[in-house]
Amino acid sequence: MPNIAYVNGQFSPLEQATISIEDRGFQFGDGVYEVVRTYGGIPFRLYDHLARLESSARAVSIPVPLSRTDWEALIREGVQRSNYAACMVYIQLTRGAAPRAHLFPSPAKPTVVMTFREIPETGGALGQQGVSVVTLPDLRWGRCSVKSLNLLANVLAKQEASDAGAKEAILVKDGLVTEGCSSNVCLVRDGTIITPPLSDQLLAGVTRAVVLELARKAGIVVDEREVPQEELTQADELFLIGTTIEVLPVAALNGVPVGGRTPGPVTRTVSEAFHRCILSETGQG
């Protein structure tokens with residue numbers, strides 16, 4: 075089955091897709107993006123992702139050239155063309171191609187790019203054994219609530235974590251936990267889920283919102299507050315949340331085991347609730 079691309083109105087095999095070398099996403103990182111996951115060929119929480127894409131675009135004054143109905147139709151067509159049941163849909167919106175200059179081109183003609191790739195099923199060994207993470211300084215810009223293409227600091231931190239044998243880096247700014255390079259972070263103490271509150275320092279994760287809602291419905295107390303770095307070492311459980319990783323337990327922090335068994339009971343409860351939610355919302359339950 076082929077990986078598929080969509081560029082400005084045209085679908086093609088991924089390896090044949092091209093953009094202009096003058097595209098501002100390529101030259102400046104002047105754009106925003108979104109990632110949607112499908113289950114059984116059905117996009118999960120698609121409108122939540124599209125709302126966040128629109129919010130990011132508004133924050134950096136990039137016109138959104140498609141309605142949500144148009145986005146949905148194109149995404150469903152791309153998924154159908156790829157024929158992947160479990161598909162990662164990457165959406166990128168840039169300010170378009172123009173002679174290189176820092177000022178916005180006028181008028182802007184945004185570039186729309188989407189790719190459709192198969193994604194391995196999550197869970198399995200990682201979901202049972204957990205992963206290792208490290209803490210690193212958060213060196214990103216001050217608007218992390220915008221899902222911007224400017225990911226160099228994330229890339230460097232992710233590579234540093236990988237070089238240390240870890241799956242993810244938990245980022246720390248002024249002594250407080252913000253998020254992972256590509257995930258939100260939750261810890262559990264005495265049965266309560268604790269996670270940093272939404273702010274410009276972290277992304278409003280779609281999966282984060284779903285998981286916290288499900289936790290509250292299950293009677294688990296959720297405390298959204300500032301998390302000092304040292305509190306991570308006091309956690310009974312630690313887990314990461316994201317579109318591609320779902321709910322991923324952490325077994326070790328900076329080489330030190332976290333809590334007791336992995337996954338812990340709260341992590342397991344919210345993970346199972348999340349999977350039931352997926353099955354229900356994608357018509358597989």
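Just so you know, the sequence shown maps onto residues 75 to 359 in my numbering.
Ideal Cβ placement from N, Cα and C applies to all residues, glycine included.
These figures come from a predicted structure and were not determined experimentally.
Q. Looking at C-alpha atoms only, which residue of Asp144, Arg132, Asp97 is the closest neighbour of Leu120?
A. Here the question's residue 120 lines up with position 46 in the sequence shown. The candidate whose alpha carbon is nearest that of Leu120 is Asp144.
Q. Can you round the beta-carbon distance between Thr281 and Ile315 to whole angstroms, since I take them to be within the 8 Å contact cut?
A. Residue numbering aside, residue 281 sits at position 207 when the sequence shown is read from its first letter. Residue numbering aside, residue 315 sits at position 241 when the sequence shown is read from its first letter. Here Thr281 really is in contact with Ile315; their C-beta atoms are around 5 Å apart, less than 8 Å.
Q. Looking only at its own chain, which residues have a Cβ that is under 6 Å from the Cβ of Ser130, when we skip the five neighbours before and after it?
A. Position 56 of the sequence shown, counted from the start, is the residue given in the question as residue 130. These residues qualify, in order along the chain: Val106, Val220, Lys221.
Q.
What would DSSP say about Ile319, mapped onto helix, strand or coil?
A. Stepping through the sequence shown from its first residue, residue 319 is reached at position 245. Coil at Ile319, not helix or strand.
Q) For Pro323, which of Ile193, Val259, Val134 has the nearest alpha-carbon? A) The sequence position of residue 323 within the sequence shown is 249, counting from 1. When only C-alpha atoms are compared, the closest one is Val259.
Q | Within the segment 198 to 234, ranges of the beta strand (DSSP E) (whole runs, at least 3 residues) | A | As for any beta strand (DSSP E) of minimum length 3 sitting wholly inside the segment 198 to 234, the runs are 205 to 211, ordered along the chain.
Q | Arg191, DSSP secondary structure in three states | A | Start at 1 with the first residue of the sequence shown, and residue 191 comes out as number 117. Strand at Arg191.
Q) In terms of alpha-carbon separation, which member of Arg290, Gly254, Gly333 lies closest to Val246? A) What you label residue 246 is simply residue 172 of the sequence shown in a count that begins at 1. Among Arg290, Gly254, Gly333, the Cα nearest to that of Val246 belongs to Gly254.
Q) Under the rule that 16 or more other beta-carbon atoms within 10 Å means buried, what is Val236, buried or exposed? A) Mapped onto the sequence shown, residue 236 falls at position 162. The amino acid occupying residue 236 in the given sequence is Ser; Val does not appear at that position. Exposed: under 16 other Cβ atoms inside 10 Å.
Q. At which residue ranges does the segment 88 to 169 contain complete beta strand (DSSP E) runs of 3 or more residues, listed in the order of the chain?
A. 105 to 113, 161 to 168
Q) Starting from Lys291 and walking both ways along the alpha helix (DSSP H), at which residues does that stretch end? A) Here the question's residue 291 lines up with position 217 in the sequence shown. Counting along the chain, the alpha helix (DSSP H) containing Lys291 begins and ends at 280 to 291.
Q.
Can you look up Arg174 in the DSSP assignment and give me helix, strand or coil?
A. Residue numbering aside, residue 174 sits at position 100 when the sequence shown is read from its first letter. Reduced to three states, the DSSP call for Arg174 is coil.
Q. How should Arg174 be labelled, buried or exposed, when 16 other C-beta atoms within 10 angstroms of its C-beta is the threshold for buried?
A. Walking along the sequence shown from the start, residue 174 turns up at place 100. Exposed is the call here.
Q. What is the residue span of the alpha helix (DSSP H) that Val344 lies within?
A. Numbered from 1 along the sequence shown, position 270 holds the residue referred to as residue 344. Val344 -> alpha helix (DSSP H) spans 339 to 355.
Q.
Give me the DSSP bridge partner(s) of Thr185.
A. Numbered from 1 along the sequence shown, position 111 holds the residue referred to as residue 185. As DSSP reads the structure, Thr185 sits in a beta bridge with Thr168.
(Q) By alpha-carbon positions, which one of Thr266, Thr185, Ile149 ends up nearest to Val138? (A) Locating residue 138 in the sequence shown gives position 64, counting from the first residue. When each option's Cα is compared against that of Val138, the closest is Thr185.
Q. For the beta strand (DSSP E) that contains Lys247, what are its first and last residues?
A. Translated into positions along the sequence shown, residue 247 becomes position 173. Run containing Lys247: 242 to 247, per the beta strand (DSSP E) assignment.
Q. If we call anything under 8 Å between Cβ atoms a contact, is Leu261 one with Leu306?
A. Translated into positions along the sequence shown, residue 261 becomes position 187. Translated into positions along the sequence shown, residue 306 becomes position 232. Going by C-beta atoms, Leu261 is nearer than 8 Å to Leu306.
Q: Could you tell me how far apart the beta carbons of Val251 and Gln303 are, in whole angstroms, since I believe they sit closer than 8 Å?
A: In the sequence shown, counting from the first residue as 1, residue 251 sits at position 177. In the sequence shown, counting from the first residue as 1, residue 303 sits at position 229. That belief holds up - the Cβ atoms of Val251 and Gln303 are roughly 6 Å apart, short of 8 Å.
Q.
Within 10 Å of its beta-carbon, does Gly338 have 16 or more other beta-carbons around it, so buried, or fewer, so exposed?
A. The sequence position of residue 338 within the sequence shown is 264, counting from 1. Buried.
Q. Can the beta-carbon of Gln203 be found closer than 8 Å to that of Thr336?
A. In the sequence shown, counting from the first residue as 1, residue 203 sits at position 129. In the sequence shown, counting from the first residue as 1, residue 336 sits at position 262. Yes, the pair counts as a contact, with Cβ atoms nearer than the cut-off.
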